[in-house]
Ligand SMILES: [Zn+2]
Ligand SMILES: [Zn+2]
Ligand SMILES: [Zn+2]
Ligand SMILES: [Zn+2]
Ligand SMILES: [Zn+2]
Ligand SMILES: [Zn+2]
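Protein chains in written order, with our numbering: chain A, -17 to 213; chain B, -17 to 213; chain C, -17 to 213; chain D, -17 to 213; chain E, -17 to 213; chain F, -17 to 213.
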């Protein structure tokens, strides 16, 4: 038997009993997670570890490439998970988290490696903007730098997709939602954050404001009245 | 016979001969339109009249509700028209143009009027963000004000959709694309423009800078190198 | 600033005030357009100019290639615009209007030019019948003649698609709908019309009946009774 | 065990040996069927019995409601079967065959009976034109007559869908394809055929020409040249 | 006129009158078929002949490749026919029936032969599991053996798809549904059946139990209670 | 600022440095995870905690309801993640992991609670089989027991979906893939496993063989030859 699978007994014997108070509370009161994290399926990037999250802290959606399709007529698992997080759980922070050495981004950089994986290829069309930006704006990049650029632009693209989701768009207008675009460098042990105003990624620094992709500044409720008055 | 249809002969007899030099040039050299306008099918809002455009000036996409679906796995006519305008024709300005008294927006405001029109209902899901924003952020609006608010938010939503299109996203990063969100008030004879920085619509005024939804400021080509250096 | 965009002020200053009575009436009473025109996004083919239409006269749907997808389970912007025109506005004439030197039809003729435009390529599958007819029935055509043939057959194909839309099909049976297939030759300043009986395009001539693709002859309400009697 | 399933042994023991020459020829030379029949899954309407067809004679597609979706971006089993029949097998006659007492048509007539069958409901959207025609043009019909009318109009609608398929459209232009719209009355033992010129169904009579929905008269290869000359 | 089509008169003159009692009963009482058969459109494989079925015995769905797409968000004709058979007609046996020398399976074996048939190619993605199994597990097979292996695995794959349909899944749990996977060898006049326990196909033999793909053994209604008790 | 988000600095300061050898190895050699886990986005069910997995051990896909859509023509993020795990990473164990008090399953049990969440409602159609099984086979269950039954049947349904994926199906035939269906009871701190032979869930016990949903017993490569010989 797969050795990893056998470790499940430790959960029953050690982990659960050791956190029985927390689990009891979570089972009784239900969850009220503090954020939604959309990250890659990659085994090396564990959201709860990066966020130092306890059970109950973090609603998590993971897929190859940390992708959020835009809101469209036909939606799937990511859109539904976003909708549930915002509409049912009232989450007010969403983090899209990419990472270095991402297999999906490497495949996007070398599409010929996707030949035996038609579904991955189709799925990565949701990263076409990242690919297009790098091909068109940074044509001289190659190798590691090109993959890094695609991975960062992919986070930018997924943040743009997130904004098309009605529940997210409305929460932003109400000033009740912030979007975060992160990139975990698993080689350097460093996390970068997208600054939405400049479009650049900055190293997160404890002594500086956290860069935010889309901040939670409400538009005022007066807006439409103002326009009326202007006529 | 429908009287309107009979007027086509005037085109052959009067219009074409009167502009034969222009048509001759356009037929010989092909088109190189100065902008793409995405507007409603409404008969009262004639893009070429609003823009005072000659044949050859304006690439035009029109549909019920001036909608641009986001870039997704399965795309249709609007996405293709955007792609053709940017990739094949090199258009550098895209205008999304809503208008007052819009039948589609009125239907969005009163969904029960869509009962016999299942396709319109499905199509208007691409305006769900506008509907959601107004329902959630401006619950007290009703009647004419509510329809106006939905129509303005619909322009905001379609601009957000436009940004998900790879060719548009890349042109924005290169600083070669500006997006414009307009609203034509056919009662007041006035055109409003979305100011992307504040999220508000302003009356266009000849003596002031044109409000722009997404401006054409490039991110610098150094960006990724800078990030590397920061590590 | 793009010079074309600056012209919008002329609309506010000149056009609107000059037609204020018409606009006032249209704003008060709403639109009741006399026809729906489905034409190409091409900047050289201005529907209102070809039809000599005033604001309020013509409901207009425009996309790359003047395409009408057939009525299917999943419908988009064109289907919705058709549905709105027929069901909400009661339009009784629909014109599908192609044109010479059409970029979409040239791309269909040389599919390899579509390599960087996957959405246009997918969209043009709705013109596959035109492509198939010309490849299979007129294999010797090439160059300008081949593009012209594809463009004409494309109008035929889109008329066939229009007939699959329930609202259109029912209006035809009631004798309350005529479909028109036109082709504007922007080199010759000439308009051709599809004669549905023979399947050929004829020059429109003021002294002859207008060729019609599908005419508005009702089937009699007796039909089903008659069949019963025949048993 | 289900008694019907046990009858399969008779095929091995009796049917196959009794037609071994025919099966041997069909296995060696492959099939070259004389027509494609699209009929309902209904157990009472056996295509080979109605057509008096031997093995090898009739390519058959059957589904609930004898439906042919129009040719669209995403196609399924019926479209593929049509494509294979025309492109790979060279079939030159296609029969769409409806029937009396059809469960699918009855469900279309009373949509509330579809509540537990969401897929059937979605599938029957391909018959929306038939439903729309009868509701709109024959509002006074009810009961048996209404179901009969919907069933006949459904055959008309599926013939319209068939014409959107590129391989079919091209074969019609070449004069190598006839489309037949039939209705089998299993109460009266009678077969009706759609006459495409009048849009009515006629009883098939051995002493009269078979009514044809779309006949195989080619358009002449000269067509485009003629149009050129007309300019 | 196509000679086959002319044979329809024999149905009216001979077949129907000869079975008028049966047809009368079926018209009066409606159908209650004993099984659903999903088989290929191939003209050489006549389900009613193989099953020795009378009118009224067998509900039949036929398409190129005897394919059943899995139950998904968007479903088509086969899914609807399955749903109707189980939910409306209460069918308790479903037979998926492949055959030798199948054109669809040969195309799957040589995908390059599908170049002119994009819909068939797309449709056959529902047989991708069969193709993948043979390519990966039996790489040394070629020619006739490879096509046979793909055809058999295709039956296995379609049975797996059938199990994803809710109505089928529930009937299996209730013990009211058996699934059969058959293969008709039209060269040898032999029928093979899938034994679900071993995953192998066996010749059907009258003196042995019929091999069944998924048998109708109910899970006990106690199941969930039992689990509760185990805690 | 959201307190949770601020904890990210601990990752940089403490977690990464403390595991620098492991991360260094994973960054240099890439990942080779021991299993794919498909679990719910629920914040209380942390896959790495349940599996006691280190970074690099577990490829993880998470979405609302731990759903795996079946392999179909149009696939999304889960299908792509499965494909990548099997085809690119060679994963040989897949665990579908449900849990108690699941919001998605509760919504499935009371569909009226989904009114404001149309995407979640659409996504949960992939759990329709579970809903259908419980409604039809265990009609007397209600409250907590009904939700538990739906959650368990949902795991069964997703395992059935997994088997339709070509890469999974082929790996099963080769004997290189085991599928596991688990249910984590966060109230009792207990993990149940699906026994594929009986269709029941059993408590995992360290002293007994792990129940397996689909085991990795290969079919022999001789299969097709054997069938040939049987003719
Ligand atoms: Zn990754
Ligand atoms: Zn409008
Ligand atoms: Zn054009
Ligand atoms: Zn029927
Ligand atoms: Zn076959
Ligand atoms: Zn859950």
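Just so it is clear, CB atoms sit at the ideal spot from N, CA and C, and this is done for glycine as well. No experiment lies behind these values; they were computed from the predicted model shown.
- With the criterion set as a beta carbon lying under 7 Å from some beta carbon of chain E, the members of the segment 143 to 161 of chain F are 143, 145, 146, 148, 149, 151, 152, 155, 156, in sequence order.
- Within 7 Å of the C-beta of residue 85 of chain F there is at least one heavy atom belonging to ligand 6.
- Going by DSSP, residue 21 of chain E is part of the beta strand (DSSP E) stretching over 17 to 22.
- Within 10 angstroms of the beta-carbon of residue 133 of chain C lie 16 or more other beta-carbons, which makes it buried.
- Comparing alpha-carbon positions, the option among B:198, B:138, B:160, B:47 lying closest to residue 180 of chain B turns out to be B:138.
- DSSP places residue 182 of chain A within a strand segment (E or B) once states are collapsed to three.
- With a cutoff of 8 Å on beta-carbon distance, residue 71 of chain D and residue 37 of chain D are scored as not near each other.
- Here residue 0 of chain A is exposed. Its C-beta has fewer than 16 other C-beta atoms within 10 Å.
- Contact note: residue 115 of chain E reaches chain F through 148, 151, 152, 155, using a C-beta cutoff of 8 Å and chain order.
- Contact of residue 15 of chain A with chain F by beta-carbon distance below 7 Å involves 25.
- For ligand 1, no non-hydrogen atom lies closer than 7 Å to the CB of residue 79 of chain E.
- In the three-state scheme derived from DSSP, where H, G and I count as helix and E and B as strand, residue 84 of chain C is classed as coil.
- The alpha-carbon of residue 195 of chain A is positioned some 4 Å away from that of residue 178 of chain A.
- With a contact defined as Cβ atoms closer than 8 Å, residue 135 of chain B and residue 115 of chain B qualify at about 5 Å.
- Under the DSSP assignment, residue 172 of chain B falls in the beta strand (DSSP E) whose first and last residues are 172 to 177.
- Closer than 8 Å to the CB of residue 181 of chain F there is at least one CB belonging to chain E.
- Where residue 161 of chain C is concerned, the enclosing beta strand (DSSP E) starts and stops at 160 to 167.
- Remark: the C-beta of residue 47 of chain E is in contact range of ligand 5, defined as less than 7 Å to any heavy atom.
- Neighbours of residue 43 of chain B across chain A, judged by C-beta separation under 8 Å, do not exist; the nearest C-beta is about 18 Å away.
- Under DSSP, residue 115 of chain A forms no beta bridge with any residue.
- By the neighbour-count criterion, in which a residue is buried when 16 or more other Cβ atoms sit within 10 angstroms of its Cβ, residue 97 of chain C is exposed.
- The alpha carbon of residue 150 of chain D has as its nearest neighbour, out of C:156, C:171, C:119, the alpha carbon of C:119.
- Within 8 Å of the CB of residue 172 of chain D, the CB atoms of chain E belong to -6, in sequence order along the chain.
- Beta-bridge pairing by DSSP links residue 196 of chain E to E:161.
- By the criterion of at least three beta-carbon pairs nearer than 8 Å, the segment 67 to 84 of chain C is in contact with the segment 37 to 55 of chain C.
- In the three-state scheme derived from DSSP, where H, G and I count as helix and E and B as strand, residue 127 of chain B is classed as helix.
- Chain B has a Cβ within less than 8 Å of the Cβ of residue 201 of chain A.
- Taking the CA atoms as reference points, residue 13 of chain F sits about 14 Å from residue 69 of chain F.
- For the segment 92 to 103 of chain A, the residues whose beta carbon sits under 9 Å from a beta carbon of chain F are, in order, 95, 98, 99, 100, 101, 102, 103.
- Classified as exposed, residue 11 of chain B has fewer than 16 neighbouring CB atoms from the shown chains inside 10 Å of its CB.
- In this structure, the CA atom of residue 145 of chain A is about 48 Å from the CA atom of residue 158 of chain E.
- A distance below 7 Å between beta-carbons, with the five flanking residues on each side excluded, links residue 183 of chain B to the following residues of its chain, in chain order: 134, 165, 174, 175, 176.
- Scanning its chain for C-beta atoms nearer than 6 Å, with the 5 sequence neighbours on each side dropped, one finds around residue 108 of chain E the residues 49, 51, in chain order.
- At least one heavy atom of ligand 1 sits closer than 7 Å to the Cβ of residue 22 of chain A.
- Annotation: residue 165 of chain B has no Cβ neighbours in chain C at a cutoff of 9 Å; minimum Cβ distance is about 12 Å.
- In the displayed model, residue 156 of chain A falls within coil according to three-state DSSP, outside both helix and strand.
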